[in-house]
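Below: one structure, written as structure tokens.
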Amino acid sequence: MLRHITTGIDGSAESLAAAHWAAREAVRRGVALNVVHAWTPHPHPAPYVPADRSERGWAEETLDTALGGIRAAHPGLRIVERLVRDSAVDALLAAGEEAELLVLGSRGLGGVAGFITGSVSQRVIARSARPVVLVRAGDSSADEHLSVSDGVAPDEIPETPYRDVVLGLDTRHPCDELIDFAFTSARRRNAALHVIHAFSAPPFHVADGGPVPPTGPELLAAQEHSVVAALRRWCEKYPEVRVTETVSEGRAATAMVRASSGASLVVVGRRPRDSRLGPHIGAVTHAVLHHVGCPVAVVPHD
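Going by this note's numbering, the letters in the sequence shown line up with residues 791 to 1092, in that order.
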């Protein structure tokens, strides 16, 4: 049974934020943390390596610095360090295969500052068989919790309630792995689960002798019923999780981004998809990764 979380670090602010988020999640799950740093030799020294360091020496120093901060913040957490001579994508995919969860950093919001095609994070997400969480630079423990009053000490922040976990649900293809991940994430945090379902009205036409599809309030009621039906057995399995649903007509990505503003975690799915350019992650998930500011979990499923 997989009993650790893996995070990749490269010394950047976003990778360090991801490593600390991964450490907090490992504590929540009661598992170990595997910290991976990948490096590859170059014919000429890479520009980011100081002149008085070898590439391997700089890689070791980068890993040691990150580990020092993580251990100081989480003294009781079991941490395994791995320095790997390989490309970042291959090293992270290999390490992620052995983990419950893979946690990576992301560079920013929207446009070219976000998940540009070809980035390490996006390539890992598109190919990973395990769930991947993306974390922004600057994310902290306080961001996972509801606002607290002045005078609260940093070590008291974990005692304040968590913000909601948000799940994007497609009732046409409800997926056990995705829904279970969202419910268990909410349960670990004692947080509410906010389920988002967006739909598009079918083109209106009257078929000869066939049933007329519902429209307006009837269509909304039918979609709301489909959400309740898809969640029923999960609500019975996790009765302690408080569930709210938002069902609306429109673009799923827009609804997800709107709901994420008060969330601690957004959960979306990814079906295996290939194109001429290789695996990709789907339009809705791609849009969520571009525009959502809180951590985003991408759960692969059939």
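Here a beta-carbon is modelled for each residue, glycine too, at the ideal position from N, C-alpha and C.
If you look at Arg872, you'll find it isn't in any alpha helix (DSSP H); it sits in the beta strand (DSSP E) that goes Ile869 to Arg875. For Thr797, the enclosing beta strand (DSSP E) starts and ends at His794 to Gly798. From the listed residues Gly801, Ala1045 and Leu867, the smallest Cα separation to Ile795 is found for Leu867. About 7 Å separates the Cβ atoms of Ala807 and Arg926, confirming a contact at the 8 Å cut-off.
Residue range Leu983 to Phe989 is occupied by the beta strand (DSSP E) that includes His984.
Between Val922 and Val914, the C-beta spacing is below 9 Å. Closest by C-alpha distance to Glu967, out of Ala828, Glu850, Arg920 and Ser1050, is Arg920.
Here Ser1054 is not near Glu890, since their CB atoms are 9 Å or more apart. Under DSSP, Ala1087 takes part in a beta bridge, and its partners are Val923 and Val1057.
Boundaries for Glu1039: no alpha helix (DSSP H) harbours it, while the beta strand (DSSP E) harbouring it runs Val1033 to Glu1039, taken from the DSSP string. A residue is called buried when at least 16 other Cβ atoms come within 10 angstroms of its Cβ; Glu804 meets this threshold and is buried.
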